[in-house]
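Student: Numbering (the working numbering), first residue to last: 1 to 119.
From the three backbone atoms N, C-alpha and C, an ideal C-beta is built for every residue, glycine too.
All figures in this text were calculated on a predicted structure; none of them were measured in a lab.
(1) Round the Cβ separation of residue 40 and residue 76 to the nearest angstrom and send it over; I've been treating them as touching at under 8 Å.
(2) By how many angstroms is the C-alpha of residue 42 removed from the C-alpha of residue 108?
(3) Could you pull out every residue in the same chain whose Cβ sits closer than 8 Å to the Cβ of residue 106, ignoring the five residues on either side in sequence?
(4) If residue 89 sits next to residue 34, beta carbons under 8 Å apart, how far is it from one beta carbon to the other, in whole angstroms?
(5) Within 10 Å of its beta-carbon, does residue 16 have 16 or more other beta-carbons around it, so buried, or fewer, so exposed?
(6) Spell out the partners DSSP gives residue 98 in its beta bridges.
(7) When we look at the beta-carbon of residue 85 and count the other beta-carbons within 10 Å, is it buried (16 or more) or exposed?
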């Protein structure tokens, strides 16, 4: 599971939870390593900028910055690599699409570079 928190006011993504499932096509002697494909879902709170017309002639309008919760499905592909000393590296790339029509944000990226140590 991935969790994201937007700390910059200029980004549309404010908070999100992305559970995922991966299928690895690597060496069977090293568990969960090699090339993988991923299916994921996302529940994200995104910033939604809207302009509401108040006057029918278009002379008066109101701007609102709202938060909307969206649900999406996506896919990614990447690789996970393990050294003999237990260090692990991972690179992946993918995209997902939101299915809630209440927002101007239609997609979310899945991009990652991870370096760590197995215990």
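Tutor: In brief:
(1) 7 Å
(2) 9 Å
(3) 97, 98
(4) Contact doesn't hold; Cβ gap of about 12 Å is too wide.
(5) buried
(6) 72
(7) exposed
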